[in-house]
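With the first letter of the sequence shown counted as 1, position 182 gets the number 181 in numbering that gives the first Met the number 0; the numbers rise by one all the way through. The beta carbon of each residue, even a glycine, is placed where N, CA and C say it ideally should be.
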Amino acid sequence: MMVEIIDKIALNKYTSKMVLRAPDIAASAKAGQFVIIRIDEKGERIPLTIAGCDIDRGTIDIIYQKVGFTTYKLDYKNKGQSILNVVGPLGRPSELDGYKNVVIVVGGSGCAIAYPQAKALSENHAKISVICGFRSKDFIILEKELKSISDSFEMVTDDGSSGNKGLVTDVLQNKIKDGTADLVIAVGPLPMMKAVCEITKNFRVKTIVSMNTIMIDGTGMCGGCRLTVGGETKFACLDGPDFDGHKVDFDEAILRSKDSSNSKPFCGKDCNLFKGGLK
Ligand SMILES: Cc1cc2nc3c(=O)[nH]c(=O)nc-3n(C[C@H](O)[C@H](O)[C@H](O)COP(=O)(O)OP(=O)(O)OC[C@H]3O[C@@H](n4cnc5c(N)ncnc54)[C@H](O)[C@@H]3O)c2cc1C
Ligand code: FES
């Protein structure tokens, strides 16, 4: 069944939010879950986090950064148009109950994934510290939203164009050294999550990571999202996407993600795939 785009809002030059009519998904979605969308019959399936939902309106929000063919193609769609299908909610909800003092470390479009988790923690009355890292000020999203639900908020950018110049890991150590944090959540590029886990392991703070592996069917059938956690094979779509970061084999995951990105060219608006003009 076609899924109507109720609204589309550009969050910055590279990232947009879409509100989709999906009442069944809105009624049952929990923080940490995602959908797999397909734009049309010829379209690839891509996973996107359920960034918000409105049960009364029967809508869900997705926030996507335009990084390649399908996300650019999605961005050609506008309010009032439809996409072919949206499957979900998929994945296990994040386990966030009982934590009192949580540090959320996010990089780039990882904010779209971390925001619903931060909201759920805030509803559970946890104290939340957010450390956000972006390439530059042009990539910032959800700053106001994350600030409004966090007790402390720090921004770093690679070029210093907003907040301090530096990496999220530069700030993290100071945040957890007093020993009061009972959970760290890390969402972003694999090398960033690996670096966060190396720090939190030293401080013995439990760390949840969101594994953004390649996903195709989202049902455990294709094996695309396979990863090793605590020496066991897991599927990010069924067993995750959240995992205990101290048990994830990041080196293997990084290697697998390189294999898959080598087989796909970066595909911006100048790419040949777009030259025929996407509708
Ligand atoms: C559980 C989960 C939730 C996600 N939530 C969000 C989100 O809320 N917002 C957001 O901007 N991005 C999210 N992503 C990443 C998003 O799925 C990819 O950016 C998207 O698939 C890129 O597709 P593309 O065709 O535009 O780019 P491509 O040119 O095909 O790929 C660009 C990069 O995107 C990744 N990617 C490509 N295809 C897939 C795929 N089928 N599954 C997973 N990753 C892929 C790869 O790292 C690849 O190198 C999520 C990924 C996962 C696994
Ligand atoms: S996406 Fe196919 S097994 Fe997980």
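Helix, strand or coil at residue i [DSSP, three-state]
i	result
Gly187	coil
Asp238	helix
Ala252	helix
Asn173	helix
Leu83	coil
Val167	helix
Met192	helix
Thr212	coil
Leu141	coil
Asp53	strand
Asn100	strand
Thr69	helix
Thr199	helix
Gly109	helix
Lys136	helix
beta-carbon residue i near ligand 2 non-hydrogen atom, thresh 7 Å
i	result
Cys224	yes
Ile36	no
Gly217	yes
Ala252	no
Phe33	no
Met220	yes
Met210	no
Phe234	yes
Euclidean distance between Cα positions of residue i and residue j
i	j	result
Glu153	Glu40	43 Å
Pro88	Ile112	14 Å
Leu19	Met0	13 Å
Ser209	Asn173	23 Å
Asn271	Tyr63	Bear in mind that the predicted position of Asn271 carries a pLDDT of just 37, short of 50, making it unreliable; the figure below should be weighed with that in mind. Near 22 Å, if we compare the C-alpha coordinates of Tyr63 and Asn271.
Ser136	Thr156	Reading off the sequence, residue 136 comes out as Lys, not Ser. Answer to the nearest angstrom: the Cα atoms are 7 Å apart.
Ser341	Arg134	No answer is possible for residue 341: it lies beyond the span of the chain, which begins at 0 and ends at 278.
Asp74	Thr48	16 Å
Val102	Ser128	5 Å
Ile184	Val104	6 Å
Ile38	Asp6	16 Å
Tyr71	Asp177	44 Å
Phe202	Ile175	7 Å
Ala30	Ala117	9 Å
Leu168	His124	Checking the sequence, you will find Thr at residue 168 rather than Leu. Near 25 Å, if we compare the C-alpha coordinates of His124 and Thr168.
Val2	Ser81	5 Å
Leu171	Val204	12 Å
Ile4	Leu83	11 Å
Val186	Cys110	7 Å
Pick from the options that is closest to residue i, judged by C-alpha positions
i	options	result
Arg44	Ile24, Gly51 and Val34	Val34
Ile54	Asp181, Ala21, Gly97 and Glu94	Ala21
Ala28	Ile5, Cys52 and Arg37	Cys52
Met17	Ile207, Val102 and Asn77	Asn77
Thr227	Asp250, Thr206 and Ile215	Asp250
Gly90	Asp96, Gly165, Met214 and Val247	Met214
Asp243	Ile207, Met220, Glu94 and Tyr114	Ile207
Lys126	Thr199, Thr179, Val167 and Ile4	Thr179
Asp216	Val86, Thr70 and Glu3	Val86
Ile198	Lys12, Pro46 and His245	His245
Cys131	Asn163, Leu120 and Ser121	Asn163
Ala235	Ile139, Asn211 and Ile148	Asn211
Gly42	Phe68, Ser256 and Gln32	Phe68
Ala194	Pro46, Gly106 and Tyr98	Gly106
Residue i classed as buried or exposed, judged by whether at least 16 other C-beta atoms fall within 10 angstroms
i	result
Ile24	buried
Arg56	exposed
Gly79	exposed
Ser151	exposed
Gly276	Only weak support is given to the placement of Gly276: the predicted model assigns it a pLDDT of 37, under 50, and the value that follows is read from those uncertain coordinates. Result: exposed.
Asp241	buried
Ile8	exposed
Asp60	buried
Leu254	exposed
Thr14	buried
Pro190	exposed
Closer than 7 Å: residue i CB and nearest ligand 1 heavy atom
i	result
Arg44	yes
Tyr75	no
Tyr114	no
Leu47	yes
Ile213	yes
Cutoff 8 Å: residue i Cβ touching any chain B Cβ
i	result
Glu122	This model lacks chain B altogether, as it is built from one protein chain only.
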